[in-house]
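First to last, the sequence lines map onto chains D and Y.
Per my numbering, the very first residue in the first sequence carries number 972; after that it's consecutive.
Per my numbering, the very first residue in the second sequence carries number 336; after that it's consecutive.
The structure appears below as structure tokens.
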Amino acid sequence: MQADLLLENAVTRIEGPLLFARREARVGLNSAVEVLAGTGPPRLGRVAALDESSMVIEVLESTSGLALLGTRIRLHPEPLLFGVGPHLLGRVFDSVGRPLDGGPPVAARSRRRIEGLAINPAWRALPRDFIETGIATIDVMNSLVRGQKLPLFSAGGLPHDRLAAEIAQRARLRGTQGEESFAVVFAGIGVPHDTAEQFRLAMESSGALGHTAMFLNLADEPGMQRLLAPRYALTAAEYLAFEEGRHVLVILTDMTNYCEALREVSASHGEIPGRKGYPGYMYSDLASLYERAGCIRGRPGTLTQLPILTMPGDDIGHPIPDLTGYITEGQIVLDRELDRRGIYPPVRVLPSLSRLMDAGIGEGFTDPDHPALAHQLFAAYARALRVRVLASVMGEQGLPESDRRFLAFGERFERQFVHQANARTLEESLETGWAALQGLPHGELTRLSNAQIGRHLGAEVHA
Amino acid sequence: MRGDELVAQVYEDTTGLEPGVTVVGLERPLSVTLGPNLLGGIFDGLLRPLSRAADFQIQPGAAERSVARHRLEFAVRNGDTLSAGAVFARTVAPRQQSLLVPPWASGRVEALVEPGEHRDDETLLVLVDDTGRRHELTMQHDWPVRRSRPVRERLGVNAPMITGQRILDTLFPVARGGRAAIPGGFGTGKTVLQEALAKWCDADMIVYVGCGERGNEMAEVLDEFPRLEDPRTGRPLAERTVIIANTSNMPVAAREASIYTAITVAEYFRDQGLNVALMADSTSRWAEALREVSGRLGELPGEAGYPAYLSSRLAEFYERAARVTSLAGTEGSVTIIGAISPPSGDFSEPVTLHTKRYVRCFWALDRQRAQARFYPAIHPLQSYGSDVQELADWWMRSGNPDWLVQRQRVLELLEAQAHLERMARIVGRDALPAQQQVRLLCADLVNEGFLRQSSFSKSDRFCSPARQVAMLAVLLHFADRADAAVAAGVPPARLAAMPMLRQLQRLGEEFSEDDLLRLRQLAAPDRLRVRPAANGGQSCRLTCCSRMR
């Protein structure tokens, strides 16, 4: 291993976050550097480009106040690393893994690349452990399993933070009472101070703060570091999951800020912009974060991700939610209209999806009739919404009897099933789902077999 | 290359590289090693095995070659003359595979080792050609991925590739050696459909390439395929599958290569006389990799930032699908089924548009159907299949002379439904004339009872052509009867309230492959009939003798 090298008076040009310097020592691409100016704390950076005689350093903090003279560069032989070890939990860090809570640095057991290494697909185990979140729309219709990455697609002003905190507090495997070692890693990316504080209080009140590690990049900190906070957080999470064998839930909020920062950095590099000015490699870049979730064969721990993003202009077709949806295993979509009507959590079920659901529910996992119920609820609610559009044109009186019953179902479904004041067990959620289907014509419940109807709905009630 | 400079594209992570590193030329274009080790394995975009890695994370540059052994029997003797592409030996277990003379070699067999177990890098026989050149053959040979493997002749369309999905086989069939595209926004079920096709289509070999897609999907395939049984051979599905995985977090440059690697592997199995299906999920990620590499090279961007040669690259790729006579004279085929992930589900973006020009089948996935969990969410009015006329012969030979007519009727019914629903939205369903209300009812029935098919239902995930024919006959028979009943004055509401409708809507789930006889009886003229009810001629009843279980 090479020792660290110090370059003095090598800087030739400074342009925004980029520092151009003469290459007076051997250094590899992506190596970590520290930029020292005067007596201030060292600023982190990395080698972004190299040629025979010069190099470009991307400074990951503000470059204001740097001068060509007197700026020294300390070169590390390795890329950015994060020293991880026991006692990560219960701590608060900044976006580059430095303690913010006044405590001592974490004693490093191993130093890991923050970019991580791609998980070999042949080593992945299929996620199948059903997680009970206590939320009916998720548990019954969009089930979360360990090792999944399931984002919340939200929008400004919707209660996504509250929902995420509730999931973090409650999420448990069925039949266990928290005897397994679990952990929560919270990465706040460009979040306001109060959001971070709210989350901390929520975890504290449920006594889970000792199992939580927080990485905070607050809204007033440099954009460049927004790109680092999730990477440090995931590096810590990978250690907790695959070395310490914990079941880790990573909350990344807000991924929209991350993508904005990515666009900013890409523009400062002079790259050709893609859709809406976001760089063409945004898909690969987001994948390098999201794909760090999973289960590994032969290792006890799992890494589950719950990224939160706010859809700009409530538009699900915007590149940020669009690319995220192509990478993650489903999405939970929050809706402004439901929120206005006082329905909490305001989950819009039709565009929501959990791709790994079928591996973790049904016979041997939850309830044998769970998949059929979920499909029937989706089909019936889709019909109810179609009828609602018709009713708004023609009036309820103009509808045939069966359509009117679907209309009533839609209202019942939203008020009684989607809306919930308290956490529900899976059994309670399933029960509520069957109850909502009561009153629909049995002949139209095509996703259920006669046996299932007989078991759960009994004889048909005629209006 | 420019003057004495060259630009090298690195297929892996470049972290830690520095000026002064050694670059070695391999004196050949990017090539992959084709041989008996491929079957049942999982490989990265450059065809390096992933399953033998020691660590769960992929270390850049770590690609140790390990040697495999195979037991084999020779198909030739000393002194025989072999042409290019001929079979010279076969491996014995677990599945018989042909070992081919590489396309560039031919000649007289001079030396031959004993049959039995051999290392995959051992020289098995020596060919001496007319010019006196010696070719030493092992079990495997290299082939440059960007060049298609030569064939004797390309053949026309003769038979469909049966997918076991009703909406595809009956409405939009793909021919053996054909090309199909599945475009769809996220969450519309592209991957589930690709996986269902990989599991149940009647190809001899499946090459599944996950190009820039999710790691957990690969885990799903690896988890499921060894346990599922090929309905035709009774062997585990894994034994007919090669998986090429370049997940979204693996290097982008190798993603660009993975598509070529996959088609080369598919062609290699085709040359052994097999019918191969290539599932490419997703070609959009491949196009994006092209865009990314092109951007880094500073090439002038075309439409939506894609390089101007996107269209010709797509054409080159899809043209490698064909039914052929191989160099050795056997018949084989490669069918390409490519998924497309258009940004925000918009089919007017460049990758979808260009692909549309080169494929024969277009299976458009619809977000609304997917949201109502109506799977497969293929939209019957936006999709098409161009080989229908040619494939009608096959259906005729396979026992359904009416296929073309029935298919047309279903499409007309669905077309009419779209039209009538627009009308119904304005005037109300009840205000439509009785005949039209019945058409709507029948169209609903075709959707629910025929087009909907759950890949998670054990009895319905695969539908044989015979069952498709029987189901279609029952539904169209019902449509005829319903039309007749309405013409005789039965109010459509009465038809809609018949209890047997429920059975027809659940036809796929209720009648499995073992119930074909019972299913066919439903369409027998005396089983499903309209007869006047006792209370006057105004109302009629449709009865169904075969009750539900």
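Where is the CB? At the ideal position from N, CA and C, for every residue including glycine.
Check                                                                                                                      : Outcome
Proximity below 8 Å, CB of D:Val1156 to CB of D:Ala1207                                                                    : yes
Residues of the segment 1108–1126 of chain D whose Cβ lies closer than 9 Å to any Cβ of chain Y, in chain order            : Gly1118, Gln1119 and Lys1120
8 Å Cβ shell around D:Ala1179 - same chain, five flanking residues per side excluded                                       : Ala1139, Gln1140 and Val1155
Residues of its chain near D:Ala1434, where Cβ-Cβ distance is below 6 Å and the 5 sequence neighbours each way are ignored : At D:Ala1434, the pLDDT of 49 sits below 50, so the modelled position is not reliable; the number obtained from the coordinates is stated separately. Once the five neighbours on either side are set aside, D:Ala1434 has no close Cβ partner at all.
Chain D within 8 Å of Y:Arg337, Cβ atoms only                                                                              : no
Inside the segment 592–623 of chain Y only - alpha helix (DSSP H) runs reaching at least 4 residues                        : none
DSSP beta-bridge partners of Y:Phe476                                                                                      : Rather than Phe, the amino acid found at residue 476 of chain Y in this sequence is His. BP columns for Y:His476 point to Y:Leu369.
6 Å CB neighbourhood of Y:Arg764 in its chain, flanking five on each side removed                                          : none
Reference Y:Glu559; option with closest CA among Y:Ile671, Y:Asp701, Y:Ala674 and Y:Phe791                                 : Y:Phe791
8 Å Cβ cutoff met for D:Leu1031 and D:Ser1002                                                                              : no
Under the three-state DSSP convention, the category D:Met1195 falls into                                                   : helix
Rounded straight-line distance, which links the Cα of Y:Arg841 to that of D:Asp1340                                        : 17 Å
Nearest-angstrom Cα separation, counted from Y:Ala601 out to D:Leu1416                                                     : 44 Å
Coarse secondary structure for D:Leu1421, derived from DSSP in three states                                                : This sequence places Asn at residue 1421 of chain D; Leu is not what is there. DSSP places D:Asn1421 in helix when its eight states are reduced to three.
For D:Thr1273, three-class secondary structure by DSSP                                                                     : strand
Under 8 Å between C-beta atoms of Y:Leu382 and Y:Arg430                                                                    : no
Neighbour flag for D:Pro1283 against chain Y, beta carbons, 8 Å                                                            : no
Of the residues Y:Glu574, Y:Thr505, Y:Glu638 and Y:Glu457, the one placed nearest Y:His689, counting alpha carbons only    : Y:Glu638
Proximity test, Cβ basis, 8 Å: D:His1164 and chain Y                                                                       : no
Where D:Leu1401 falls: helix, strand or coil (DSSP)                                                                        : helix
Contact list for D:Asp1293 against chain Y, beta-carbon separation under 9 Å                                               : Gly520, Phe521, Pro678, Ser679 and Gly680
Cutoff 8 Å: D:Asp1022 Cβ touching any chain B Cβ                                                                           : Although the question refers to chain B, the structure presented lacks it and instead comprises the protein chains D and Y.
Contact residues within the segment 377–395 of chain Y, judged by C-beta distance below 7 Å to chain D                     : Ile377, Leu385, Ser386, Ala388, Phe391, Gln392, Ile393 and Gln394
Integer Cβ distance of Y:Ile377 from Y:Ala580, believed to fall under 8 Å                                                  : 6 Å
Nearest-angstrom Cα separation, counted from D:Val1111 out to Y:Ala421                                                     : 57 Å
Reference Y:Thr618, options Y:Ser646, Y:Leu632 and Y:Tyr603, closest by Cα                                                 : Y:Ser646
Where the segment 568–600 of chain Y meets chain D: residues whose CB sits under 7 Å from a CB there                       : Ala580, Thr582, Ser583, Asn584, Met585 and Val587
Short CB-CB distance (under 8 Å) between Y:Met553 and chain D                                                              : yes
DSSP three-state assignment for D:Leu912, whether helix, strand or coil                                                    : Not covered by the structure: residue 912 of chain D. The range shown for chain D is 972 to 1434.
Alpha helix (DSSP H) segment containing D:Arg1014, residue limits                                                          : No alpha helix (DSSP H) contains D:Arg1014, which is instead part of the beta strand (DSSP E) from Arg1014 to Leu1021.
Length of the line joining the Cα atoms of D:Ala1078 and D:Val1236                                                         : 32 Å
For Y:Arg837 and D:Ala1343, the rounded distance between their alpha carbons                                               : 16 Å
Residue-chain proximity (Y:Asp558, chain D), Cβ-Cβ < 8 Å                                                                   : yes
D:Lys1120 classed as buried or exposed, judged by whether at least 16 other C-beta atoms fall within 10 angstroms          : buried
Residue-level contact to chain Y via CB, D:Asp1100, 8 Å cutoff                                                             : no
Whole-angstrom distance between Y:Ile517 and D:Ser1323, CA atom to CA atom                                                 : 21 Å
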